[in-house]
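Numbering (the working numbering), first residue to last: 25 to 355.
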């Protein structure tokens, strides 16, 4: 019988010493959406997501006169981080099962000394990785903030509900779409790209879509243009023809029918303070161990006028808000 009586102290020591590493593991490290989202860290409650731009400045030359033209203008939006938490209880049975999994991992790695990877780190890494997965798949795009419901998709407002709010996306930026299949994916994606102003189509834009849509696009492309040596095997079409728009299959949009085009880093990921020694607390409760973590995060966008999306995407955002409003409180 393994003696786990010292485990709570070891868990607390590890999580206190490496709190910033664990929070970064949950919120930042290897989060694929950060390849196109702007990252703002150490946000204290609210952050101005201000985009500064200058209107027209060029005019015919005349060296003998000074005729100022152009003013600095701002697009203002406020992002707000929301409090998130992990409350996790380990029972003796669960601890024993995790210990066996830990020993199995060590056996697979053929290490001679099992304590080269401390058991407490193994436990905390499992929690951190699960938290990272839930934030990405349930909250970043699909979340609706409801502090009285204790599920991952209620920690903050995700991108789809934010875009669906009345008046956020200009009418000219909304493409009337059809459900995407492997026979119409090219037309639908190029239709969305068609409403992007032509002077922007060769700038650094990304097309975010649920992974199935990206797969349908490639199937449609091969079917339309033939199974030649360029369009078979490992073929993957990563940009829309005639543009610089990069197609990114986004797991967070899975099962939503969501699709949007926006400049890289126009969508924003905000986190609270990462260097918080007291972010994790561990308590012994009878035979159980309670692990608690507190941190802040949220998703947002900087300039809605630089998002082009579909009517179906916005309808999904509305549906997500309606579903959240209909839920019973779990407080």
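Glycine included, C-beta positions come from ideal geometry on N, C-alpha and C.
Count the CB pairs spanning the segment 98-110 and the segment 286-300 that are closer than 8 angstroms, and state whether there are at least three. yes
Return helix, strand or coil for residue 232, following the three-state DSSP convention. strand
Just to confirm, are residue 334 and residue 207 a CB contact at a threshold of 7 angstroms? no
Is residue 109 helix, strand or coil by DSSP? Note: residue 109 maps to strand in three-state DSSP.
Where the beta strand (DSSP E) through residue 309 begins and ends: 304-309
Alpha carbon to alpha carbon, how far is residue 56 from residue 189? In a straight line, the C-alpha of residue 56 is about 26 angstroms away from that of residue 189.
Does the segment 269-285 come close enough to the segment 303-311 to have 3 or more Cβ pairs within less than 8 angstroms? no
Just curious, the alpha helix (DSSP H) that residue 61 is in, first and last residue? Taken as a continuous stretch (DSSP letters only), residue 61 belongs to no alpha helix (DSSP H), as it is neither H nor E.
How many Å lie between residue 114 and residue 236 at the Cα? 37 angstroms
Taking contact to mean at least 3 C-beta pairs separated by less than 8 angstroms, is the segment 28-43 in contact with the segment 147-164? yes
Distance between beta carbons of residue 277 and residue 213, contact taken as under 8 angstroms: With a Cβ gap of about 14 angstroms, residue 213 and residue 277 do not count as contacting.
In whole angstroms, what separates the C-alpha of residue 322 from that of residue 178? 11 angstroms
Quick one: what does DSSP say residue 281 is sitting in, helix, strand or coil? coil
Reduced DSSP category for residue 320 - H, G, I as helix; E, B as strand; rest coil: Strand at residue 320.
Reduced DSSP secondary structure (H/G/I, E/B, other) of residue 50: helix
So the alpha helix (DSSP H) residue 1 belongs to, where does it begin and stop? What is shown of the chain runs 25 to 355, which leaves residue 1 out entirely.
From residue 24 to residue 296, what distance separates their C-alpha atoms? Limits of the chain in this structure are 25 at one end and 355 at the other, which puts residue 24 out of reach.
Contact between the segment 332-350 and the segment 156-175: three or more CB pairs below 8 angstroms? Taking 8 angstroms as the limit for Cβ pairs, the verdict is that the segment 156-175 does touch the segment 332-350.
Just tell me which of 123, 324, 338 has its CA closest to the CA of residue 67. 324
Rounded to whole angstroms, how far is the Cβ of residue 338 from the Cβ of residue 286, which I believe are closer than 8 angstroms? Actually they are not in contact, since the Cβ atoms of residue 338 and residue 286 sit about 14 angstroms apart, beyond 8 angstroms.
Taking only three categories from DSSP, how would you classify residue 352? coil
With a CB to CB cut of under 8 angstroms and the five nearest residues on each side skipped, what residues in its chain are close to residue 58? 52, 293
What's the gap between the Cα of residue 320 and the Cα of residue 186? 18 angstroms
Alpha carbon to alpha carbon, how far is residue 112 from residue 275? 26 angstroms
Nearest neighbour of residue 41, chosen from 304, 162, 227, 85 [CA to CA]: Among 304, 162, 227, 85, the Cα nearest to that of residue 41 belongs to 304.
What residue range is occupied by the uninterrupted alpha helix (DSSP H) comprising residue 130? 116-133
Does the beta carbon of residue 223 sit closer than 7 angstroms to a beta carbon anywhere in chain B? The structure shown contains no chain B, having only a single protein chain.
Buried versus exposed call for residue 39 [16 or more other C-beta atoms within 10 Å across all chains shown]: buried
Between residue 119 and residue 316, which are expected to be in contact by the criterion C-beta below 8 angstroms, what is the C-beta distance as a whole number of angstroms? With 8 angstroms as the limit, residue 119 and residue 316 do not qualify as a contact, their Cβ atoms being about 17 angstroms apart.
Pair within 7 angstroms by beta-carbon distance, residue 181 and residue 209: no
Return the first residue and the last residue of the beta strand (DSSP E) that residue 145 is part of. Not the beta strand (DSSP E): residue 145 falls in the alpha helix (DSSP H), residues 143-158.
According to DSSP, what are the bridge partners of residue 340? BP columns for residue 340 are empty, so no partner.
What residues match up with residue 203 in a beta bridge as DSSP calls it? Answer is none; residue 203 lacks a bridge partner.
Start and end residues, beta strand (DSSP E) containing residue 215: Taken as a continuous stretch (DSSP letters only), residue 215 belongs to no beta strand (DSSP E), being part of the alpha helix (DSSP H) at 209-217.
Closest residue to residue 279 among 203, 37, 61 (Cα-Cα distance): 203
Could you check how far apart the C-beta atoms of residue 331 and residue 225 are, in whole angstroms? I think they sit under 8 angstroms. That belief does not hold up - the Cβ atoms of residue 331 and residue 225 are roughly 15 angstroms apart, past 8 angstroms.
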